[in-house]
Structures are given as C-alpha cells and as structure tokens.
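2 protein chains.
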Amino acid sequence: MNPSVLVVEDDRALCDLLSWNLSAEGYDVRSTGDGEEALLMVREQAPDAIILDWMIEQVPGIEVCRQLRKDRETARIPIVMLTARGEEEDRIRGLKTGADDYVTKPFSPRELMARIEALLRRSRPSIGGDNLNFGDLELDPASHRVRRGGEALHLGPTEFRLLRYFMERPNRVLSRQQILDGVWGMDSDIDERTVDVHIRRLRKAINRPGEKDPIRTVRAAGYAMDVS
Amino acid sequence: MNPSVLVVEDDRALCDLLSWNLSAEGYDVRSTGDGEEALLMVREQAPDAIILDWMIEQVPGIEVCRQLRKDRETARIPIVMLTARGEEEDRIRGLKTGADDYVTKPFSPRELMARIEALLRRSRPSIGGDNLNFGDLELDPASHRVRRGGEALHLGPTEFRLLRYFMERPNRVLSRQQILDGVWGMDSDIDERTVDVHIRRLRKAINRPGEKDPIRTVRAAGYAMDVS
DNA sequence: TCAAAATGTCACCTAACTGTCACGCTACAA
DNA sequence: TTGTAGCGTGACAGTTAGGTGACATTTTGA
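Just so you know, the sequences run in chain order A and B. Under numbering that gives the first Met the number 0, the first residue of the first sequence carries the number 0, and numbering increases by one thereafter. Under numbering that gives the first Met the number 0, the first residue of the second sequence carries the number 0, and numbering increases by one thereafter.
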C-alpha cells in the first residue's frame with residue numbers, strides 16, 4: 000500500500016502542484032484548504048504525513064499542528080509546515096509546536112519531496128527502499144519474502160501484509176481497528192476478533208520454538224511489534 | 000542522561016559556536032573537524048544526533064553520511080547536514096543520502112537548535128514531550144511500555160492508565176475523586192477505596208525491594224507522585 | 001476441474017484483571 | 001495515652017479479554 004499524504008493548503012494552484020508532484024512520486028494524496036476540515040480528515044483516516052500551510056482558513060496551521068499533537072492517535076504523524084513567513088521566530092515556533100520540518104515559500108517541489116521522503120524514512124522504515132529487518136527478522140516487500148535468522152518462512156498473503164504493517168510501525172501499540180483499517184482496508188466490516196486469529200497464524204509462522212515472539216499482546220489495547 | 004550530539008565541522012569558530020549553543024541547551028557535545036575521526040567517534044560511542052558539515056577534511060560529509068547509514072548500528076542516528084552549498088541539487092542529494100535535515104549557511108543557531116530538538120523528539124521519544132520519564136521511571140504511551148532503571152515492568156491496563164495519569168500530573172496531590180474521574184471516567188460509580196487497591200497494585204508493580212516509592216500518600220487528601 | 005491453501009467465524013477455555021470487603025495497622029488529635 | 005478516621009493489605013468471586021482448535025466457505029493454482 001502506498002504511503003498517504005494530506006496536503007493542507009488554501010492556495011488552489013499550489014495545492015494542485017503539490018498534489019500532482021506527490022501523486023507522481025507514488026503517494027496517495029488527499030487535500031483540503033480548510034484547517035477544520037483537515038482535522039476531521041486526519042481523524043477519519045490518518046495519513047502517513049501532512050503538509051501544512053501556516054496561513055489557511057478557519058484554523059491557523061500552527062493551531063492545527065497543536066491539535067494534532069495533543070491527540071495521541073495523531074501525535075506521531077510527521078508534519079511539514081509550509082509558509083511564506085520566513086522569520087526565524089516563526090520557524091522556531093513552528094518547530095517547537097511539533098512540526099518536523101519547516102519549509103519557506105518559495106520552495107522547490109523536488110526538495111519538498113525529498114524532505115517528505117526523509118521524514119517517512121524515519122517514521123515508516125519501509126519507504127527508504129531498504130528491506131525491513133529487525134533483529135533476525137527480514138521482510139523484503141519487493142520479492143514478498145520473509146526470513147528469520149536466514150531461514151525462509153512461508154506466510155500467507157494476509158499474514159504477510161500483517162507482518163509488514165507491524166514492521167512499518169515498530170514499537171507502537173496498534174488497536175485491532177487500526178490493524179483492520181491498515182491491513183484489510185477501511186471499508187471492511189470484519190470482526191475485530193479475526194485479527195486475533197491472524198495474529199496467531201502469524202506468530203505460528205514466524206516463531207520457532209525457543210525464539211522470542213516479537214509480537215506483544217497489549218491487553219485492552221491491541222498488539223505491538225517490539226524491536227530490539 | 001542528557002542527549003548527546005556530535006558536531007562534525009572544520010571551521011573552528013563555527014564549531015565552537017555550535018558546541019557552546021548545544022551545551023547551553025543541555026546537550027552533551029563532542030566535536031571534530033575530521034570525517035575519518037567522526038566515523039571512529041560514532042562507532043566508539045554513538046551520539047543521539049549528528050551535525051555534519053558537507054565540506055570537511057579527509058572524507059566529505061556526504062560520504063560520512065553514507066557510511067553511517069550503511070552500518071546497522073548507526074543507521075538510525077539523526078543527521079543534520081550543514082553546508083554553504085545552497086544549490087537545490089545538493090540539498091536533494093543530501094536528503095536522499097539519508098540526512099534527516101539540511102540547513103544552509105548562514106543559519107540561525109536557534110533554528111538549528113529547534114531542528115535538532117524536533118529530530119530528537121522523533122527518534123528518542125524520551126527526550127521530547129511524548130515520553131514521560133521521571134528519575135528512573137519511564138513510560139512510553141505509544142508502545143505502552145514502562146521501565147524502571149531500564150528494566151521492563153508489567154502493568155495491567157488500569158495500572159498503566161493510573162501511572163500515566165500520575166506522570167502527567169507530577170508533584171500534585173490528586174484526590175480519589177479526581178483519580179476516578181481521570182482514570183475510570185467521569186461517569187463511573189466506583190467506590191473511592193478501590194483507588195487505594197489499585198495504588199497498591201501499582202506500587203507493587205513498579206517498586207523493587209530497596210527502591211524508593213514514587214507515590215506518596217497524602218492523608219485525608221489523596222495521592223501524589225513525587226519527582227525528585 | 002479439483003485439491004490445496006487461505007480466510008473469516010465461532011465456541012470454548014484459561015489466565016488475567018477488577019471491584020469489594022473485612023481486618024488490622026498508623027498517624028493524628030484530644 | 002487513647003480513640004478514631006484513614007489507609008494498607010490479603011483474599012476472593014465475578015468479569016473480561018485473549019488464545020486456541022475446529023469448521024465451513026472462498027480463493028488459488030496446478
């Protein structure tokens with residue numbers, strides 16, 4: 000599944016330019032020019048990254064940023080602030096508020112792409128192009144291959160997607176609903192308990208007797224994949 | 000422990016300026032003007048972040064960056080590239096090589112500080128506002144993990160919420176009713192004394208024999224978590 | 001086409017968690 | 001010192017959430 004980016008920008012032309020560039024890079028793009036709506040869109044379906052203009056309607060960008068950071072569900076989404084205000088004070092304020100990067104207009108679209116990519120590389124390790132490997136577990140998204148300690152493992156399609164979903168989001172507790180949304184798709188009406196069953200199948204597939212189970216059950220919350 | 004930063008910069012004056020600023024912000028700073036030496040220093044003791052000048056002796060900055068990214072041990076250390084070269088191509092190349100941020104000279108030291116902070120916030124949650132830690136007690140809301148003195152602790156769901164509630168409000172006496180409202184929800188009709196029981200369970204979970212109990216009972220008022 | 005693999009549910013089971021209580025101790029005030 | 005309200009503690013029964021094996025159905029691939 001492609002990484003998704005939400006563009007929050009009320010300058011129509013710029014918004015389209017960004018969306019076009021991002022799409023060309025293979026991102027799923029959604030956009031809005033309205034701060035209030037942006038918050039709703041994020042809550043409805045959290046993107047992997049957000050490009051956020053400082054000067055937008057309804058709610059100023061920095062306030063959107065603050066709101067997003069306050070809510071634990073959205074607190075870790077990378078945010079690039081975008082602005083015409085080049086003043087040092089503003090940049091520092093933006094960064095202190097929780098933005099991960101701060102780009103001033105005019106900017107180079109290609110540089111912005113590179114910055115987005117750098118951010119995603121950090122928050123979603125798979126996007127760096129490298130294989131995902133944590134400890135002795137390796138997952139190659141391209142060839143659909145999984146290994147543990149060099150030994151090839153056999154995973155079904157769903158187990159593979161599930162494992163990738165976890166490896167792209169290590170050290171985070173993921174609720175069953177999040178897992179369903181991410182692995183099965185937003186519009187699936189599948190029982191939450193089905194996740195349990197697939198977790199069991201995944202565990203069975205990747206754990207040899209005596210090896211540590213990398214998937215941790217977090218009671219009343221979901222599952223998490225532990226790294227290191 | 001303070002976060003540590005390695006400054007790789009061969010302009011002596013700039014290097015000192017950065018070191019001074021970083022120290023003032025509470026970082027442990029080491030520095031060198033030599034790329035080869037930088038690699039050795041990182042391998043000897045990995046810093047939490049690196050400020051890396053593009054134009055340094057022996058090995059160009061971008062090559063240092065590449066080397067660091069190649070080694071699993073050092074691949075995830077945040078790197079800020081620092082350079083006089085303002086060309087878009089260079090910036091993009093730097094970012095694609097694995098740098099997390101790219102700042103061109105002349106730059107504002109305060110902004111650079113803010114960018115470093117933003118990076119650390121992401122890579123070492125314990126430094127940013129995300130993670131709660133007091134003394135030897137760490138609580139990571141994202142991964143639902145609690146540690147004391149590095150050792151992982153097991154807490155039940157309610158104990159976890161209770162501890163987080165306390166850590167979010169350190170040094171304050173909290174009444175049983177406040178705790179019920181905050182941890183159980185406003186509309187719970189639970190006996191106030193139940194709080195006592197969960198406090199006991201929490202204490203049992205986080206205190207090893209011989210360790211100081213961070214939870215203080217305030218007679219006739221409630222409980223407080225002491226940060227010393 | 002047909003067997004093997006994969007998938008989504010379900011019922012059952014167990015371990016973990018929860019809220020309450022009774023009892024005893026402790027700190028504080030008179 | 002003593003009485004008492006407040007708190008700690010161990011026990012316990014009720015509840016809940018997750019693990020598990022089984023199974024019918026669908027999908028896949030030879």
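Here a beta-carbon is modelled for each residue, glycine too, at the ideal position from N, C-alpha and C. As the structure is a computational prediction, the values presented were derived from the model and not from experiment.
Taking only beta-carbon positions, decide if residue i is within less than 8 Å of chain A.
i, result
"B/R11", "no"
"B/D100", "yes"
"B/P156", "yes"
"B/R65", "no"
"B/R147", "no"
"B/I126", "With a pLDDT of 46 at B/I126, under the threshold of 50, the modelled position of that residue is not reliable, and the figure given next carries that caveat. Taking Cβ atoms only, chain A never reaches closer than 8 Å to B/I126, which makes this a no."
Report yes or no: is there a C-beta of chain B within less than 8 Å of the C-beta of residue i?
i, result
"A/A45", "no"
"A/R75", "yes"
"A/I91", "yes"
"A/R121", "yes"
"A/N20", "no"
"A/R42", "no"
"A/V194", "no"
"A/V4", "no"
"A/N170", "yes"
Determine the chain A residues that contact residue i at a beta-carbon separation under 7 Å, and present them in chain order.
i, result
"B/S107", "E87"
Which residues in chain A sit within 8 Å of residue i, going by Cβ to Cβ distance?
i, result
"B/L94", "E110, A113, R114, E116, A117"
What residues from chain B crowd round residue i, counting only those whose CB sits closer than 7 Å?
i, result
"A/A223", "S142, H143"
"A/A219", "P156"
"A/R71", "P140"
Based on the DSSP output, what are the partners of residue i in its beta bridges?
i, result
"A/T216", "A/Y222"
"A/T103", "A/T82"
"A/R147", "A/L136, A/E150"
"B/E56", "B/D33"
"A/A48", "A/V4"
"B/L131", "B/L138"
"A/L16", "Its beta-bridge partners do not exist; DSSP assigns none."
"A/V28", "A/V4"
"B/L21", "According to DSSP, B/L21 bridges with nothing at all."
"B/V172", "B/A223"
Use the C-beta contact count for residue i: other C-beta atoms within 10 angstroms, 16 or more gives buried, fewer gives exposed.
i, result
"B/E86", "exposed"
"B/H217", "In the sequence as presented, His is not what sits at residue 217 of chain B; that position holds Val. Exposed, because fewer than 16 other Cβ atoms sit within 10 Å of the Cβ of B/V217."
"A/R171", "buried"
"B/G60", "buried"
"A/M185", "exposed"
"B/I126", "Confidence in B/I126 is poor, its pLDDT being 46 and thus under 50, which makes the residue's placement too unreliable to answer from."
"B/I178", "buried"
"A/W53", "buried"
"A/L39", "exposed"
Original post:
Just checking, does the region 155-173 of chain B make contact with the region 130-146 of chain B on the three C-beta pairs under 8 Å criterion?
Top reply: yes
Original post:
Below 8 Å, can you find three or more Cβ-Cβ pairs linking the region 2-12 of chain B to the region 22-31 of chain B?
Top reply: Enough Cβ pairs lie closer than 8 Å, so yes.
Subject >> Touching by the beta-carbon criterion (3+ pairs, under 8 Å), the region 92-105 of chain B and the region 73-83 of chain B >> reply: yes
Subject >> Sufficient close CB pairs (3 or more, under 8 Å) joining the region 143-151 of chain A to the region 180-195 of chain A >> reply: No, the region 143-151 of chain A is not in contact with the region 180-195 of chain A.
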